[in-house]
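Trainee: Next up is a structure, given as structure tokens.
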Amino acid sequence: MDLFTLQKHILELQGMLEDKPFVQRVFSGLGRTINFRLRFKENTADLSLTLDLPAQGPRLANSCKETDKNHSIVKTLNRLVNNARLNSIKCLPNDRVVRIHFVAIDAYFGNRRDYYLICEFTGRVCDIYICDEDLKIIDRLGTASNNRLGAVYSPLSPADALPPIYVKEATFRNCSVEELLGETTNSVFLYVSGNKLRAFSIYELRHLAEKPTETFKLVNEALNYTEDVLCAPGRFRQLKERVAASINKELKHKKELLQKQADLKEKYADADKMQTLGNLIIANLYRIKPGMSSIEAENWETQENVTIELDLSKTPAANAKKYFNLAKKAKRGIVEVEKRINELENDVMWLEEELWLAENATEESDLLIEKSKYQNKDKTREKNKIKALKPDFETDNCMYFIGRSAKQNDFLTFKVAKSEDYWFHAKDVPGAHVILKLKEGTVNESNILTGAILAAKNSFAKNSDKVLVEYTKVKNVRRVPSGGLGRVFYINQKSILVNPLK
């Protein structure tokens, strides 16, 4: 965003924020984005500050999407300005720098503290700082500029050069830049090419196109359109691709390990054979002469002659011991190999489910998979989220909830569901966790059938006419220790065969 458009935008925001709203809480968005949930007299709205191009800058939206992993500065802001008033917002004269003033009043002693959020929306080299009343930097979002923590904020040098895009426009129109900037305009013009934003400005940029792609009355409207229509879908698509690539990489690694273990199992399958060869050497000690490299003996179990290789450097008894040791090693090894194969097969099954869920995700936050995500420390927010949750399907006496991501699966199973509720999952295929909650009465066959069909419909096998679904009470479902988010094991399950196509 150029300086002139930003200045107009800040004037807009000053009008929108004239009530001096309270900061309800601060949370992170995707990328380098900080969001402030503001409480006005009659409603709430989110002030979003992003350093990511092309929608870099501040914007006011009804609500912004939240991620579970907060930046360090977000934790600092929640500590300092939670319940503070957003007193003012202004554009500083030195380039595209915005200063937001917060006033925090101590609830017990009435002491006033002033904090300043300084946002450098200066293209690729940009940053956001939270400063005290003396402009001493307390925390920062990025690491791009020379300002350091604990130092007094040093303003940027004023921008002397005019935005290059206006110089190009003036050249195209064969007029001076001053004449161009002297135009009176009450609109914001957006120029898009191939779903990519080329520019948005308060001046028409005819050198980019005869007509703008979109026209808005407010810069804030243009920024919200840019985020919702241009940036978010592309970012979501790229994020899905990155997550899928990461899971596929891990999946490939696990399958390679699984193949190595299968090869070892095949190798260790000769344990009985090694034991037999050792026994045959012992039984034929009298026939082994010095210098013999092998001996042929009859295997009394199969009545077939076998050739036994001998180590010339060892005595006959030592050769027998060698085969006995190989047999012991193989027997010990096959137990460990089978255990490891079982672990790897479970890993592969879980990763395949994660891949399927990622490919079918509908929300950006569904793709941010971390093992610790279910450890939500904000109990109040968690309770409010549970209260606001609506069932995906409902009958007279049942509510059904469907988890469409690893995070949702974990949340529904271990936060929303109670011990006597029912849990469903398609057997041996990737799919959603389905929770059945009874409103009243007891569960019947029809309730179970509905839950099983929903689990089948929301699984990898949804296009099959026969899907085996397992179900059990939620109290029988447990997280896999040190496993990934949404990864569970369960006991006391029952099975039901359903047709999701009906």
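Under the numbering used here, the letters of the sequence shown match residues 150 to 651, in that order. Glycine included, each C-beta is placed from N, C-alpha and C at the ideal position. Here the structure is a predicted model, which means the values were calculated and not measured.
1) Return helix, strand or coil for R261, following the three-state DSSP convention.
2) Once you ignore the five residues that flank I457 on each side, which residues in its own chain have a CB closer than 7 Å to its CB?
3) Got a sec? Which residues, its chain only, sit under 8 Å from V175 by beta carbon, not counting five neighbours each side?
4) Cα-Cα, which of S325, Y302, I238 is closest to F251?
5) Could you tell me whether the stretch 494-506 touches the stretch 549-564, using the rule of 3 or more Cβ pairs below 8 Å?
6) Do the stretch 366-386 and the stretch 485-496 touch if we need at least three Cβ pairs shorter than 8 Å?
7) What distance in whole Å lies between the Cβ atoms of S306 and N296, which are believed to be in contact at a cut-off of 8 Å?
8) When we look at the beta-carbon of E494 and count the other beta-carbons within 10 Å, is it buried (16 or more) or exposed?
9) Look at the Cβ atom of A566, then the Cβ atom of I584, and state whether they are nearer than 8 Å.
10) Can you tell me which of E318, D545, K409 puts its alpha carbon nearest to the alpha carbon of E332?
11) Could you say if the stretch 411-425 and the stretch 460-479 meet the contact criterion of at least three C-beta pairs nearer than 8 Å?
12) Rounded to a whole number of angstroms, what is the C-alpha to C-alpha distance between E508 and R386?
13) Decide if V316 is buried, meaning its Cβ has at least 16 other Cβ atoms within 10 Å, or exposed.
14) With respect to the beta strand (DSSP E) encompassing S348, which residues constitute its N-terminal and C-terminal limits?
15) Cα separation between I277 and I254?
16) Work out the CA separation of G272 and K615 for me, nearest whole Å.
17) Check whether the stretch 394-405 and the stretch 366-377 are in contact - that is, three or more C-beta pairs closer than 8 Å.
18) Please state the DSSP three-state secondary structure of T591.
19) So the candidates are G291, F365, T451; which of them puts its Cα closest to the Cα of D201?
20) Just reading off the beta strand (DSSP E) that P203 is part of, what are its end residues?
21) Restricting to runs no shorter than 3 residues, where is the beta strand (DSSP E) found entirely within the stretch 264-304?
22) Can you check DSSP and say which residues form a bridge with C547?
Mentor: On the basis of the supplied data:
1) strand
2) L426, L429, I430, S443, I444, A446
3) I183, N184, F185, R186, V223, L226, N227, V230, N231
4) I238
5) In short, these stretches touch, since the Cβ pair count reaches three.
6) no
7) With a Cβ gap of about 13 Å, N296 and S306 do not count as contacting.
8) exposed
9) yes
10) E318
11) yes
12) 10 Å
13) exposed
14) It is Ala, not Ser, that sits at residue 348 in the sequence shown. Unbroken beta strand (DSSP E) run through A348: 345-350.
15) 23 Å
16) 55 Å
17) no
18) coil
19) G291
20) Counting along the chain, P203 falls outside any beta strand (DSSP E), and DSSP gives it neither H nor E.
21) 276-280, 286-289
22) In the DSSP assignment, the residues bridged to C547 are L587.
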